[in-house]
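These notes concern the structure reproduced below.
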Amino acid sequence: MARSTSRPLSPHLTIWKWGPAMAVSIMHRVTGNGLATAGALGLIWWLMAAATGPEAYATFVACATSPFGYLVMIGLSWFFFQHLFSGLRHFVLDMGAGYELKNNRMWSIATFILSLLTTGFVWLTIFGKAL
Amino acid sequence: MGTGTGIGRVRGLGSAKHGAHHWLAQRYTAVGNLALTLWLLFSLLSLPGLDYESVVSWIHNPLVAVPLMLMVVSIFMHLRLGMQVMLEDYVHDKGLAFFSMLLLNFYAFGGAAAGVFAIAKIAFIGIVKA
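Taken in sequence, the protein lines are chains A and B. Heads up, the first sequence is in my numbering, so the first residue is 1 and it goes up one at a time. Heads up, the second sequence is in my numbering, so the first residue is 132 and it goes up one at a time.
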């Protein structure tokens, strides 16, 4: 947006020291929009391929199980769990709880740890079944 | 109250109680997404395989097709509300903001329709022979 350069800007993102609450907040937006675009399109592709027939489904599976396909699926599954846990954190904050500095910091960090653990657990289950 | 300006007609009437609608709908669909995506995840992990026949014969079941349709609708409602807030924050140009909302609505309704259609087709027709 057009801005008069003679006027000062209020302190913005670049000036603050990063903390867990800031990281979890922006990651909620990043993961949400990643899931809303790549995730939702992948879901529709999967459903459409299954509805179309064995050949279309085989094409989907070939793409999804390529090295790049696995990278996208693992990335999206981590996005999913990160968005899920930061979403649960949202519910708690929406109820007016969890704003004490220590608690807020602890649960912010916990969303990252839980999302990584669940992503790892899901993919170990999948690869474990394939063996 | 009179037939004057818009503000004149509503002044003193208090809140229409619709101010929080967007915010609440975001939460309602979040609860829907939470329940239905976890159900999908656990279901997929417990299927014998993720090959064409396993997946299609699973979705063919009405008790699967209906919640799956609900999941698609809930997801696309939720992503429409979420992406709307993101675009409102970052797209400052009025014309571009209008255009991006238009595209977002096409995407959300189109995606939901495509998903529901695909599930309905599988539910009614089932496995298609190659």
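Don't be surprised by glycine CBs; every beta carbon is placed ideally from N, CA and C. Since we're looking at a predicted model, the values are computed, not measured.
In whole angstroms, what is the alpha-carbon distance linking residue i and residue j?
{"i": "Leu194 of chain B", "j": "Phe60 of chain A", "result": "25 Å"}
{"i": "Arg142 of chain B", "j": "Lys148 of chain B", "result": "15 Å"}
{"i": "Pro54 of chain A", "j": "Phe79 of chain A", "result": "29 Å"}
{"i": "Leu72 of chain A", "j": "Trp154 of chain B", "result": "The question names Leu, yet the displayed sequence has Val at residue 72 of chain A. Cα-Cα distance, rounded: 30 Å."}
{"i": "Glu100 of chain A", "j": "Val186 of chain B", "result": "46 Å"}
{"i": "Leu169 of chain B", "j": "Ala110 of chain A", "result": "20 Å"}
{"i": "Leu117 of chain A", "j": "His152 of chain B", "result": "35 Å"}
{"i": "Gly145 of chain B", "j": "Asn33 of chain A", "result": "36 Å"}
{"i": "Ala97 of chain A", "j": "Ser10 of chain A", "result": "29 Å"}
{"i": "Gly42 of chain A", "j": "Ile138 of chain B", "result": "46 Å"}
{"i": "Ile44 of chain A", "j": "Ala130 of chain A", "result": "25 Å"}
{"i": "Met22 of chain A", "j": "Phe237 of chain B", "result": "32 Å"}
{"i": "Gly120 of chain A", "j": "Leu76 of chain A", "result": "12 Å"}
{"i": "Ala249 of chain B", "j": "Ile256 of chain B", "result": "10 Å"}
{"i": "Lys17 of chain A", "j": "Thr37 of chain A", "result": "30 Å"}
{"i": "Leu199 of chain B", "j": "Met232 of chain B", "result": "26 Å"}
{"i": "Asn104 of chain A", "j": "Leu234 of chain B", "result": "37 Å"}
{"i": "Gly241 of chain B", "j": "Met48 of chain A", "result": "13 Å"}
{"i": "Arg158 of chain B", "j": "Leu172 of chain B", "result": "21 Å"}
{"i": "Leu227 of chain B", "j": "Met27 of chain A", "result": "25 Å"}
{"i": "Lys102 of chain A", "j": "Asp94 of chain A", "result": "18 Å"}
Buried or exposed: residue i, going by 16 or more other Cβ atoms within 10 Å of its Cβ?
{"i": "His83 of chain A", "result": "buried"}
{"i": "Tyr221 of chain B", "result": "exposed"}
{"i": "Met106 of chain A", "result": "exposed"}
{"i": "Met132 of chain B", "result": "Its pLDDT being 48, under 50, Met132 of chain B is placed unreliably in this model, and the value from its coordinates should be taken loosely. Met132 of chain B is exposed by the Cβ-count criterion."}
{"i": "His12 of chain A", "result": "exposed"}
{"i": "Met115 of chain B", "result": "Residue coverage of chain B in this structure runs from 132 to 261, which leaves residue 115 of chain B outside it and unanswerable."}
{"i": "Ala251 of chain B", "result": "exposed"}
{"i": "His223 of chain B", "result": "exposed"}
{"i": "Tyr57 of chain A", "result": "buried"}
{"i": "Tyr70 of chain A", "result": "exposed"}
{"i": "Thr160 of chain B", "result": "buried"}
{"i": "Gly180 of chain B", "result": "exposed"}
Does the distance from the C-beta atom of residue i to that of residue j stay below 8 Å?
{"i": "Phe85 of chain A", "j": "Ser108 of chain A", "result": "no"}
{"i": "Val216 of chain B", "j": "Ala243 of chain B", "result": "no"}
{"i": "Leu206 of chain B", "j": "Ala62 of chain A", "result": "Note on identity: in this sequence residue 206 of chain B is Ile, with Leu being the wrong assignment. Not in contact: Ile206 of chain B and Ala62 of chain A (Cβ atoms no closer than 8 Å)."}
{"i": "Leu167 of chain B", "j": "Leu201 of chain B", "result": "yes"}
{"i": "His191 of chain B", "j": "Ala254 of chain B", "result": "yes"}
{"i": "Arg89 of chain A", "j": "Val24 of chain A", "result": "yes"}
{"i": "Ile258 of chain B", "j": "Ser188 of chain B", "result": "yes"}
{"i": "Ala51 of chain A", "j": "Tyr183 of chain B", "result": "no"}
Scan the stretch 166-224 of chain B and note each continuous beta strand (DSSP E) run of 3 residues or more that stays entirely inside, going in chain order. none
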